[in-house]
Amino acid sequence: MYKLKKLTDAEYFAHPAINRSTLWKMGKSPYHSTILTPRTDALDLGTAAHLVLLENADDRITFWDGDRRTKAGKAAYAEFEADNIENERVILKKNDYYDCLRMVEAVRNHSVAKKLFAAKGETEITAIWMKDGLALKAKYDFLALNSKYAVDFKTTIDASPNGFARSVSNYGYYFQAAFYLDAIPELERFYFVCAEKKTAAVAVYHLDRDSAYVQYGRSQIHQYLKDYAEADLTGHWRGYTDDESIELLAPYWMQEAAE
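The sequence shown begins at 1045 in my numbering and counts up by one.
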């Protein structure tokens, strides 16, 4: 049984339950699940776009338009940065700032995306539940329980069907869909609202609860939870080759050439 809570980002990350990102890293190794994801310009842009679209928090994003090459410029930026961190504002590059506003405007004007977000529901709502003896958590961009769907907003380089399909596999978005759908049994569909960073082109895709993507993600979740529980019990968060040396196998074409 899940519980829904309205948590700030700080409260969400401080909560001891396991989130999707941590569990996804188990696919590399338990050790990787203990490493925090470093901040990047791309992640900051995504955070900023979420703030503007989901919370109408235009005042929570900003950019630096000065010169940081001089001693005076560096000092001015340090003061600017400290003030914005204290006030929980996201600092973007100037181009990213305007890309952010264009993407959000494009999503708000997209017929399908606009309809999805217009339904009665909650933004930035957290579900907490138990599975296989472990506490899990998921923060939904938009949850429309009455309509039985959830929406996740993605900023991306390529929002085309082929381009986004690659992102779905490479970044584990199918795994995210399975994780979020399984948290709330009433949910039937998980939508991705995608906006291209440079063009502000928008596309909407979805995965249903019984799709092959979600079923595969569900099987990974089951295995990764077992691996996590074992690592947590033993205190051994193994890496790639902790206990043995692994033989490197040549690719098929190289084996053919060597014969």
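We treat Cβ as the ideally placed atom computed from N, Cα and C, and that holds for glycine.
No experiment lies behind these values; they were computed from the predicted model shown.
Expected contact under 8 angstroms - CB spacing of residue i and residue j to nearest Å
i: Pro1349; j: Asp1202; result: The structure shown does not extend to residue 1349, since the chain is modelled only from 1045 through 1303, so no value can be given for it.
i: Lys1158; j: Arg1152; result: 6 angstroms
i: Phe1311; j: Arg1064; result: The displayed coordinates of the chain run from 1045 to 1303. Any statement about residue 1311 would go beyond what the structure contains.
i: Lys1138; j: Asp1109; result: 6 angstroms
i: Leu1189; j: Gly1165; result: 7 angstroms
i: Gly1071; j: Gln1264; result: 7 angstroms
For residue i: DSSP bridge partner residues
i: His1250; result: Tyr1235
i: Lys1047; result: Ile1172
i: Val1096; result: Val1096 pairs with nothing; no bridge assigned.
i: Glu1240; result: Thr1200
i: Thr1114; result: Answer is none; Thr1114 lacks a bridge partner.
i: Tyr1184; result: Ile1169
i: Ile1105; result: Val1134
i: Ile1062; result: Leu1180
i: Tyr1121; result: Answer by DSSP bridge pairing: none, since Tyr1121 is not bridged.
i: Val1195; result: Phe1186 and Tyr1235
Within 7 angstroms, strictly: CB atoms of residue i and residue j
i: Tyr1268; j: Leu1080; result: no
i: Ala1150; j: Val1246; result: yes
i: Val1195; j: Tyr1235; result: yes
i: Leu1029; j: Thr1199; result: Residue 1029 is absent from the structure shown; the chain starts at 1045 and stops at 1303.
i: Ile1105; j: Val1134; result: yes
i: Ala1227; j: Tyr1046; result: yes
i: Leu1121; j: Arg1113; result: Inspection of the sequence shows that residue 1121 is occupied by Tyr rather than by Leu. Against a cut-off of 7 angstroms, the Cβ pair of Arg1113 and Tyr1121 comes out as no contact.
i: Gly1261; j: Ala1222; result: yes
i: Lys1181; j: Ala1061; result: yes
i: Lys1183; j: Leu1231; result: no
i: Arg1146; j: Ala1244; result: yes
i: Lys1241; j: Asp1085; result: no
i: Phe1197; j: Val1258; result: no
i: Val1096; j: Asp1102; result: yes
i: His1059; j: Lys1069; result: no
Distance cut-off 6 angstroms: residue i Cβ against heavy atoms of the ligand MG
i: Lys1241; result: Inclusion of the ligand MG in the displayed structure is not the case, the ligand content being empty and no account of it being possible.
What are the uninterrupted segments assigned as beta strand (DSSP E) that are 3 or more residues long and contained completely in the segment 1129-1179, given in chain order? 1134-1136 and 1166-1175
Is it a yes or a no for the segment 1165-1172 touching the segment 1050-1061, going by three-plus beta-carbon pairs under 8 angstroms? yes
State whether the segment 1251-1259 contacts the segment 1275-1282, with contact taken as three or more CB pairs (one from each stretch) at a distance under 8 angstroms. no
Uninterrupted alpha helix (DSSP H) stretches inside the segment 1263-1291 (no shorter than 4 residues): none
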